[in-house]
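Have a look at the structure below before the remarks.
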Amino acid sequence: MRESNALPAVLKITGGEAVEIYDRDYNRADSEGAQDWDTMRDLDRIWQTGGKSGFGFDAASTVMVDDTVRKMRHMPGNLVLVPEFKDAAHAKDLSMPALTAYLLNLLNTFEAATAAASGGGADVRDLLADKPFVFP
């Protein structure tokens, strides 16, 4: 999705708090996709782009929320899969609050595990595998 399309939804979800969006410019062509325009997330580019919030992160510290498994099939352990949000009705159900609560709990667990780990840190993929997100 283009940032100009995503930004209104993100601002509504965050209550007007601006966040950084990694739009289609941070995707790469998916040579195995069914359509010639299919893309996959390019996390290496995100992690290597200085001045952006994702700079310096890696697979052990990154969670992607997406509605399409194919876009993250090269890193399935980092994916929190959600259904596609097609209309405003989703804002009124329990979907976004449940996802928000899950991600906040995941962050707290990750921070605690990282603080307790000696010499390395936690790996978010282990936490996602131990307690996967179940959509309400």
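Note that the numbering used here has the sequence shown beginning at -6, numbered continuously upward. Where a beta carbon is used, it is the ideal one built from N, C-alpha and C, also for glycine.
Closest by C-alpha distance to Lys5, out of Asn101, Pro90 and Asp123, is Pro90. Contact between the region 45 to 57 and the region 69 to 76 is present: three or more C-beta pairs spanning the two stretches fall below 8 Å.
In this structure, Arg118 and Ala53 form a Cβ contact; the two beta carbons are roughly 7 Å apart against a cut-off of 8 Å. Leaving aside the five residues that flank Asn(-2) on each side, none in its chain has a CB nearer than 8 Å to its CB. Per DSSP, Ala115 is not a residue of any beta strand (DSSP E), being assigned neither H nor E.
DSSP places Thr32 outside any alpha helix (DSSP H); the residue lies instead in the beta strand (DSSP E), whose first and last residues are Thr32 to Arg34. In the three-state scheme derived from DSSP, where H, G and I count as helix and E and B as strand, Ala11 is classed as coil.
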